[in-house]
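Heads up: the sequence shown begins at 4 in the working numbering, then just goes up one per residue. Using N, Cα and C, we set each Cβ at its ideal position, and we do this for glycine too. Model, not experiment: these values are computed from the prediction. Each remark here refers to the structure printed beneath this line.
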Amino acid sequence: MFFDEAIIFVVGGKGGNGCASFHSDKFQRDRVPDGGNGGGGGTVYIEARQGRNTLASFRKKSRFGAGKGGSGGSNNKTGAHGEDIYIGVPPGTVIRDEDGNVLCDLAETGNKFPAAHGGRGGKGNASMSKGSRRRVGFAEKGEPGEDVRLFLELKLVADVALVGFPNAGKSSLIAGVSGARPKIAEYPFTTIEPNLGMVEGREIDYVVTDVPGLIKGAHSGKGMGTEFLRHIERASIIVYLIDMSPMSGVEPRTQLVDLEEELGLYNPSLLDRIRVVAANKMDLSPPEATLDELREECEARGLPFFAVSVVTRTGVSGLLDYLETAVEKARIRGENNGVEVVYTAGPGEDMISVDEVEGRFVVKGKRIERMVSMTDWNNDEALANLSVRLKRAGIDEVLAAAGAVRGDEVVISGHAFEFVPEEEAGVSKPET
4 MFFDEAIIFV
14 VGGKGGNGCA
24 SFHSDKFQRD
34 RVPDGGNGGG
44 GGTVYIEARQ
54 GRNTLASFRK
64 KSRFGAGKGG
74 SGGSNNKTGA
84 HGEDIYIGVP
94 PGTVIRDEDG
104 NVLCDLAETG
114 NKFPAAHGGR
124 GGKGNASMSK
134 GSRRRVGFAE
144 KGEPGEDVRL
154 FLELKLVADV
164 ALVGFPNAGK
174 SSLIAGVSGA
184 RPKIAEYPFT
194 TIEPNLGMVE
204 GREIDYVVTD
214 VPGLIKGAHS
224 GKGMGTEFLR
234 HIERASIIVY
244 LIDMSPMSGV
254 EPRTQLVDLE
264 EELGLYNPSL
274 LDRIRVVAAN
284 KMDLSPPEAT
294 LDELREECEA
304 RGLPFFAVSV
314 VTRTGVSGLL
324 DYLETAVEKA
334 RIRGENNGVE
344 VVYTAGPGED
354 MISVDEVEGR
364 FVVKGKRIER
374 MVSMTDWNND
384 EALANLSVRL
394 KRAGIDEVLA
404 AAGAVRGDEV
414 VISGHAFEFV
424 PEEEAGVSKP
434 ET
């Protein structure tokens, strides 16, 4: 079975906790903070690797986590950085978020995408003891890593896509012109997964894929439908393989009209690609009138026409010469039929939002949530420091604007406390 969609869950490594420690000796009157910083958490990368052709491996394992950062130590020792991990996917894998937005298109081998960043290591009390704060008695906890749900979609990377109705001879053609060895037999829907083959041309080599047999209505999901239509999207050149056998059941001209219609309804831009018609099974001596009708339809649509027999190899060399020239021209023009990714800046770290949920004010904002999650809530000095930092970040003003008043419950990053807007107020311990 061919798998070209998957859902995975990736978690960046948690940053290591900072260390709170002091050093003193007989030459020093006061204890000196010497707690080191925690190490950063590892990052999860998704990388396009040669040799992988499906997303089937994600059926067995779909959750991935990078290594945690090491904790800081006394004597200013910094914790070790968490181990990064790399998840291998086939070239041509598109990564989307839960809203369907394209995050990255790993079109070529070696492309990689940082899917989940590791958390920052917490500061030790040595690095926090600066200026007027000479002897800080607490340290930061490590920041949690990013926790992301991703949708993977594979669109095979090929220069040429062979398209046709079932039993048109696509698998036989790709087997005859490349090293691919698809299963071939005389019954419909023999091919249940796309095959990739490398064609060695006179001057260049190029990749061909045979797309499993389509039927009328494929664009709306009938038959194998959209499960395989997506694999046409990357190809620079589309070859319509038409079954000229009198026993095909569908007139050759009708086959071409229906194939063009299905591709256009699925993705109109496909009809802007180089499209070629190859009338196959000429060894079965189709009626001349039928061949003329197909040739006239090709002329009306401006499509190059080739009469071939995959079995006897008649006309195949001429088709391959044309495809090699077309592929070379497409590469020179730098045509890229992958997904165009436009990166836009997300909300800044200083952005704070407040939602009232069942009488509680839930605060969100990357910077604010990081402050809370990295605070040691069992240390009063750390809580007092958090209170000052939250007020400097403007939390009081934002909560007041949202309608919060003294005594209301505020929740940030899973921790709840009472809203006390006075400047001198501290932060209470979290609820249990």
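Query: Span of the beta strand (DSSP E), counted from its first residue to its last, around C107; Result: 105-109
Query: Three-state secondary structure (DSSP) of K115; Result: strand
Query: Beta carbon of G70 nearer than 8 angstroms to that of E50; Result: no
Query: Closest by C-alpha distance to G72, when choosing among A161, G406, I335, G18; Result: G18
Query: Host alpha helix (DSSP H) of T496 (start-end); Result: With the chain covering 4 to 435 only, the question about residue 496 has no answer from this structure.
Query: Simplified DSSP assignment, three categories, for P271; Result: helix
Query: Own chain residues within Cβ distance below 6 angstroms of A310, not counting five before or after; Result: A282, M285, G318
Query: The stretch 111-127 in contact with the stretch 357-371 per 3-pair CB rule at 8 angstroms; Result: no
Query: Given G204 as reference, the closest of G103, Y89, A329, V160 once Cα atoms are compared; Result: A329
Query: Top-ranked residue by Cα proximity to Y269, from H234, E296, E291, I277; Result: H234
Query: E299 - containing alpha helix (DSSP H), residue span; Result: 291-304
Query: Same chain, Cβ closer than 7 angstroms to H120, five either side skipped, listed in chain order; Result: G15, T46, G148, E149
Query: DSSP beta-bridge partners of L244; Result: A281
Query: Validate contact between the stretch 100-107 and the stretch 33-47 using beta carbons, cut 8 angstroms, 3 pairs; Result: no
Query: Separation of M247 from P290, as counted between CA atoms; Result: 9 angstroms
Query: Outcome for S272 when other beta-carbon atoms lying within 10 angstroms are tallied against a minimum of 16; Result: exposed
Query: F141 and E384 closer than 8 angstroms at C-beta; Result: yes
Query: Through-space distance from E236 to I277, alpha-carbon basis; Result: 12 angstroms
Query: Straight-line gap, S288 to I335 (C-alpha atoms, nearest Å); Result: 39 angstroms
Query: Spatial distance of E343 from A110 (CA atoms); Result: Below a pLDDT of 50, predicted positions are generally treated as unreliable, and E343, at 47, falls in that range; the measurement from the model is reported next regardless. Taking the straight line joining both Cα atoms gives about 11 angstroms.
Query: F141 in three-state terms, based on DSSP; Result: coil
Query: Where the alpha helix (DSSP H) containing S131 begins and where it ends; Result: Ser is not the amino acid found at residue 131; the sequence shown has Met there. Taken as a continuous stretch (DSSP letters only), the alpha helix (DSSP H) holding M131 covers 128-131.
Query: Residues that DSSP places opposite I10 in a beta bridge; Result: F154
Query: Alpha-carbon to alpha-carbon, I11 and M377; Result: 27 angstroms
Query: For G68, three-class secondary structure by DSSP; Result: strand
Query: C-alpha distance - V160 paired with G417, whole-angstrom precision; Result: 44 angstroms
Query: Backbone secondary structure at K432 - three-state DSSP; Result: In this prediction, K432 scores a pLDDT of 45, lower than 50, which makes its location untrustworthy; no coordinate-derived value is stated.
Query: Nearest-angstrom Cα separation, counted from F61 out to F420; Result: 41 angstroms
Query: Straight-line gap, K64 to I177 (C-alpha atoms, nearest Å); Result: 33 angstroms
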